[in-house]
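Take a look at the structure below.
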Amino acid sequence: MSLIEVKNVSYAYNENKKVIDDVSFNIEQGTYVTIIGHNGSGKSTMAKLIVGLLPVKEGEITVDGITVNEENIGKIRTKMGIVFQNPDNQFIGSTVKDDIAFGLENKQVESKDMEAIVEEYAEKVGLTSFLEYEPQNLSGGQKQRVAIAGILAMRPDIIIFDEATSMLDPKGKKEIKKLMYDLSQDKDITIISITHDIEEVLQSDDCIVLNKGRLFMHEKPDKVFANAEKLREIDLDVPFIEKVREAFRKNKIKLKADDLEGMVKELCRSGSKH
Amino acid sequence: MNNLVFGKYIPIDSFMHRLDPRGKLIGLFLMIAAVFVTRSWWVFLGIAVLLAIALLLAKIGIKMIVQSFKPMIVMMIFLFVINSLTIRTGEVLFNIGTYPIYEDAIFNTLFVICRLLLMISITTLLTATTNPLDLTLGIEWILKPLELIRFPTHEVAMMVSIALRFIPTIIEETIRIMNAQKSRGVDFENGRISEKIAAILSLIVPLFSVAFERAYELADAMEARGYVPGAKRTRYRVLKFRFTDFMFIFICALTLALSIASRFVL
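Protein sequences, first through last, are from chains A and B. Residues are numbered in this note's numbering as their position in the first sequence, beginning at 1, plus a constant of 11. Residues are numbered in this note's numbering as their position in the second sequence, beginning at 1, plus a constant of 13.
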């Protein structure tokens, strides 16, 4: 049994237009899955359906065998957390430590145990020295790290990142992507990242492509990008390294190296021989 | 807008900062009651001395208190004008043109102004030395008896704490929208009243739209982290009454008692 099973799910905000149209996929435990697609492709709606922020009206979603519905929502929420796009709109506490503790208060963790948990997860995201800080005094990347610490403190099985890097500067983006990758190494945590950042797909185990509310592809990242033409048909780009590989293939240049740095070195070596 | 002093928390460590917020809230109510009950200048002087000691203990400069009076200047002038026009008892002190200004008008105005200044100083002292979240917890504790009549104290406290948390964010947003509108040629300072109303509307409409969007997203974030309105929760911050808190309340209560007594004695 998969950890998350999405079966024939459809959703419409208004009766006329389905934002999600008969989508089915499974997500295995401990995997890092990216969901990509254009604005309006239904990515964020899908995340809200999985976490139970929107009601599943058509089809079924199960998390660890539990059907996502109003009745089970409490159980579902103990299993998953979601990091939203705008770091300013998810800060509830007036300081970093109060914000990390918010979920623990809801989970009714004993007051005396909270301090240690807050410190443990602040350390995990590298914010130990910022515990007393107010949100407005943090950078975008730091604010997202606080949100992640708040989710981690609730010890979820699944973390959904809903375009969590899209409002950050390059430094903040890099910080959060690294943190997501580090978290994905813990095989007890399943990561679902909804993203526009095509480069991020490369660090995931699986990629789901949504287009106009329908499932377009669900493959390993290398297989997704092997179908570059198919992606371009729906105006999605491929990562820079895939473009380089594609250019080499077109020009019949065969290189042993697979990573960008190796390719450049190999090219330089062959160039200097000529 | 960022220079507002009234209601601003000063995050330092001091005796006043360490007092329990519930004790400070009770003390604030007692002191404000003392300011309102008395008719004696001597009691005002006593409260001012106590306030000065509290400011010293709070490591807060008098400059901050004086700055908190600024928004009240217009109101004080208005008060003076109204009193001068309406109070016509006592001796005539001086004339403005042909209009006589009576002794009672001046003294009454000064008395009300002193009352206002003391009240603002006490409130500023409370907000400057109490973290907004602690203040909310204090308010929730004080409102607790209202739960008997099913008043949602926790929800109200949560709303107040979120409102306080979002003040700087909304100020930032307001400045951003104002700058965006100015760059499109909107003039917030000059023009006729109708033009000013149009300018303010161009600020208010997007500000409300953004605020609602933020509220929805925050509600989703809270819900996703297991918050259920009305459900039982534990507390990260646990408030504890100490001996100093009881002493603080005792001094404030004594001041109120003296203030009441002054009505009969002085």
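Positions of the beta carbon are idealized from the N, C-alpha and C atoms, including for glycine.
Spanning the alpha carbons of Ala23 (chain A) and Thr78 (chain A) requires a straight line of approximately 20 Å. Rounded to whole angstroms, the separation of the alpha carbons of Gln119 (chain A) and Gly40 (chain B) is 32 Å.
Each of B:Lys83, B:Phe93, B:Asp147 and B:Gly103 was checked against the Cα of Ser105 (chain A), and the nearest Cα belongs to B:Asp147. Look at the stretch 228 to 246 of chain B: the residues with a C-beta under 8 Å from a C-beta of chain A are Glu230, Leu231, Asp233, Ala234, Met235, Glu236, Ala237, Arg238, Gly239, Tyr240, Val241, Ala244, Lys245 and Arg246.
Distance from the CA of Ser207 (chain B) to the CA of Asp200 (chain B), rounded to the nearest whole angstrom, comes to 12 Å. Neighbourhood of Val62 (chain A) in chain B, by CB distance below 7 Å: Ala237, in chain order. Counting C-beta pairs closer than 8 Å gives three or more between the stretch 28 to 35 of chain B and the stretch 135 to 145 of chain B, which meets the contact rule. Beta-bridge annotation (DSSP): Val17 (chain A) is paired with A:Phe36 and A:Ile72.
A residue is called buried when at least 16 other Cβ atoms come within 10 angstroms of its Cβ; Pro181 (chain A) does not meet this threshold and is exposed. In the three-state reduction of the DSSP assignment, Thr247 (chain B) falls in the coil class. Listed in chain order, the non-local C-beta contacts of Leu220 (chain B) below 8 Å within the same chain comprise Ile183, Glu186, Thr187 and Ile190, local neighbours out to five positions each way being set aside.
Only residues of its own chain outside the window of five on either side were considered, and among them Tyr115, Asp117, Ala118 and Asn121 have a CB closer than 8 Å to the CB of Ile100 (chain B), listed in chain order.
Proximity to Val278 (chain B) across B:Ile152, B:Leu106 and B:Thr51 peaks at B:Thr51, based on C-alpha coordinates. Out of A:Val17, A:Ile31 and A:Glu39, the CA that lies nearest to the CA of Asp199 (chain A) is found in A:Glu39. At a Cβ-Cβ threshold of 8 Å, Glu71 (chain A) and Asn37 (chain A) do not count as neighbours.
Contact annotation: the stretch 40 to 51 of chain A touches the stretch 185 to 203 of chain A, with at least three C-beta pairs closer than 8 Å. Between Met88 (chain B) and Phe49 (chain B), the alpha-carbon positions lie close to 18 Å from each other. Identification of residues in the stretch 141 to 163 of chain A having a C-beta nearer than 7 Å to some C-beta of chain B yields Gln147 and Gly161, given in sequence order. Its Cα nearest to that of Ala170 (chain B), the residue B:Thr149 stands out among B:Gly243, B:Glu160, B:Lys76 and B:Thr149. Closest in alpha carbon position to Ala67 (chain B), among B:Leu138, B:Asn192 and B:Lys157, is B:Leu138.
For Phe263 (chain B), the uninterrupted alpha helix (DSSP H) run begins and ends at Phe256 to Val278, by DSSP.
When rounded, the separation of the alpha-carbon atoms in Ile135 (chain B) and Ile90 (chain B) is 22 Å. Counting C-beta pairs with one atom in each stretch, the stretch 121 to 136 of chain A and the stretch 229 to 249 of chain A have fewer than three that are closer than 8 Å, which means they do not touch. Minimum Cα-Cα distance from Leu138 (chain A) among the listed residues A:Leu115, A:Met165 and A:Val107 corresponds to A:Val107. Collapsing the DSSP output to three states places Tyr22 (chain B) in coil. Across the structure, Ala176 (chain B) and Ala224 (chain B) are spaced so that their CA atoms are roughly 11 Å apart. If you draw a straight line from the Cα of Ile75 (chain B) to the Cα of Leu92 (chain B), it comes to about 24 Å. Between the beta-carbon of Gly151 (chain A) and that of Met178 (chain A) there is about 6 Å, and that keeps the pair under the 8 Å contact cut. Residue ranges of uninterrupted beta strand (DSSP E) with 3 or more members, entirely inside the stretch 59 to 123 of chain A and ordered along the chain, are 69 to 74 and 91 to 94. Residue environment for Asp269 (chain A): exposed (fewer than 16 other C-beta atoms within 10 angstroms of its C-beta). Counting only residues of its own chain and dropping the five nearest sequence neighbours on each side, Ile25 (chain B) has a CB closer than 8 Å to the CB of Lys72.
For Trp154 (chain B), the closest of B:Arg276, B:Ile273 and B:Gly36 by C-alpha to C-alpha distance is B:Gly36. Between the beta-carbon of Gly92 (chain A) and that of Pro146 (chain A) there is about 18 Å, and that puts the pair past the 8 Å contact cut.
In the three-state scheme derived from DSSP, where H, G and I count as helix and E and B as strand, Ser281 (chain A) is classed as helix.
Out of A:Asp110, A:Ile205 and A:Ile219, the CA that lies nearest to the CA of Lys234 (chain A) is found in A:Ile219. The Cβ-Cβ distance between Leu194 (chain A) and Ile171 (chain A) does not fall below 8 Å.
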